[in-house]
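Novice:
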Amino acid sequence: MKIKTLEDLLTDELKDLYSAENQITKALPKMARTTRSRELRSAFEEHLRQTENQVTRLEKVCDELGISPKGKKCVGMEGLLEEGKEIMSNGADPSALEAGLIGAAHNVEHSEIAAYGTASAHARQLGFNSVVQLLDQTLEAEKMTAEKFTKIAENK
Ligand code: FE
Ligand code: FE
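Residues 1128 to 1283, numbered by the working numbering, are exactly what the sequence shown covers, in order.
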């Protein structure tokens, strides 16, 4: 699609996020199965449930704006998840594997934090206050998830 206005840009960002979140719902179960740390596994499983809610929340946002969330692939997230897969498949020893998984998860969360922060700022500029509220709910959850991964990494 052509991006001419800030509203077009927000639409594009929301489609990108929707694709990213859907890719993450597919990647998290594999990450949970791969880790041997019970703590990390439960963090991945909990975040899978949150991510499913985030997908629904984006559908709500797009519904409010009268747009479809579908139709775009987030190639940035595809790349980050591809790097995560590399870590899982390159035969790292257990502690390197755990550290690598946490690093991959952090990359994903920080990418989402940046993207939700940007979309929320653009929605605010456009005066879409209920959309801002919904996006900020997810933004906060992503920040808390990133902090949780930091704590798990520090406890090792
Ligand atoms: Fe998310
Ligand atoms: Fe996330």
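Glycine included, C-beta positions come from ideal geometry on N, C-alpha and C.
Only a predicted model underlies this, so the values are computations on that prediction, with no experimental measurement involved.
If you count every other CB in all the chains shown that lies within 10 Å of the CB of Asp1135, and 16 or more means buried, which is it?
Specialist: As a working note, residue 1135 is residue 8 in the sequence shown. When all chains shown are included, Asp1135 counts as exposed.
Novice: Just the Cα atoms here: how many angstroms apart are Glu1236 and Glu1274?
Specialist: In the sequence shown, residue 1236 corresponds to position 109, counting from 1. In the sequence shown, residue 1274 corresponds to position 147, counting from 1. Roughly 10 Å separates the two Cα atoms.
Novice: Return the first residue and the last residue of the alpha helix (DSSP H) that Leu1192 is part of.
Specialist: Stepping through the sequence shown from its first residue, residue 1192 is reached at position 65. Per DSSP, Leu1192 belongs to the alpha helix (DSSP H) from 1165 to 1192.
Novice: Mind checking which residues open and close the alpha helix (DSSP H) that includes Asn1234?
Specialist: Looking up residue 1234 in the sequence shown gives position 107. 1221 to 1252 is the span of the alpha helix (DSSP H), which, as asked, contains Asn1234.
Novice: Considering Cα atoms alone, identify which of Ala1246, Lys1142, Asp1220 is closest to Gln1260.
Specialist: Taking the sequence shown and counting its residues from 1, one reaches residue 1260 at position 133. The candidate whose alpha carbon is nearest that of Gln1260 is Ala1246.
Novice: Between the alpha carbons of Arg1251 and Leu1185, how many angstroms are there, rounded?
Specialist: To locate residue 1251, count along the sequence shown from 1; it is residue 124. To locate residue 1185, count along the sequence shown from 1; it is residue 58. If you take the alpha carbons of Arg1251 and Leu1185, they lie about 16 Å apart.
Novice: Counting Cβ pairs closer than 8 Å, one from the region 1200 to 1217 and one from the region 1137 to 1154, do we hit at least three?
Specialist: In short, these stretches touch, since the Cβ pair count reaches three.
Novice: Tell me whether Pro1196 is buried or exposed, calling it buried when 16 or more other Cβ atoms sit within 10 Å of its Cβ.
Specialist: As a working mapping, residue 1196 is identified with position 69 in the sequence shown. Looking at its Cβ environment, which holds 16 or more other Cβ atoms inside 10 Å, Pro1196 is buried.
Novice: Find out if the Cβ-Cβ distance for the pair Pro1156, Leu1133 is shorter than 8 Å.
Specialist: For the purposes of this step, residue 1156 is identified with residue 29 of the sequence shown, where counting begins at 1. For the purposes of this step, residue 1133 is identified with residue 6 of the sequence shown, where counting begins at 1. Result no, Cβ atoms of Pro1156 and Leu1133 do not sit closer than 8 Å.
Novice: Assuming Ile1240 contacts Leu1266 (C-beta within less than 8 Å), just tell me the rounded distance between them.
Specialist: Translated into positions along the sequence shown, residue 1240 becomes position 113. Translated into positions along the sequence shown, residue 1266 becomes position 139. Contact holds; Cβ gap of about 7 Å.
Novice: With 16 as the cutoff for other CB atoms within 10 Å, does Thr1277 come out buried or exposed?
Specialist: Position 150 of the sequence shown holds residue 1277. Looking at its Cβ environment, which holds fewer than 16 other Cβ atoms inside 10 Å, Thr1277 is exposed.
Novice: Whose C-alpha, out of Thr1162, Gln1150, Leu1141, Glu1281, is nearest the C-alpha of Pro1221?
Specialist: By one-based count along the sequence shown, residue 1221 stands at place 94. Nearest option by C-alpha distance: Thr1162.
Novice: Helix, strand or coil: which one does DSSP assign to Met1128?
Specialist: What you label residue 1128 is simply residue 1 of the sequence shown in a count that begins at 1. Met1128: coil per DSSP, three-state reduction.
Novice: How many Å lie between Thr1178 and Val1258 at the Cα?
Specialist: Here residue 1178 refers to the residue found at position 51 of the sequence shown. Here residue 1258 refers to the residue found at position 131 of the sequence shown. So the two alpha carbons sit approximately 18 Å from each other.
Novice: I'd like to know whether the C-beta atoms of Met1158 and Leu1224 end up nearer to each other than 8 Å.
Specialist: Position 31 of the sequence shown holds residue 1158. Position 97 of the sequence shown holds residue 1224. No, Cβ-Cβ distance for Met1158 and Leu1224 is not below 8 Å.
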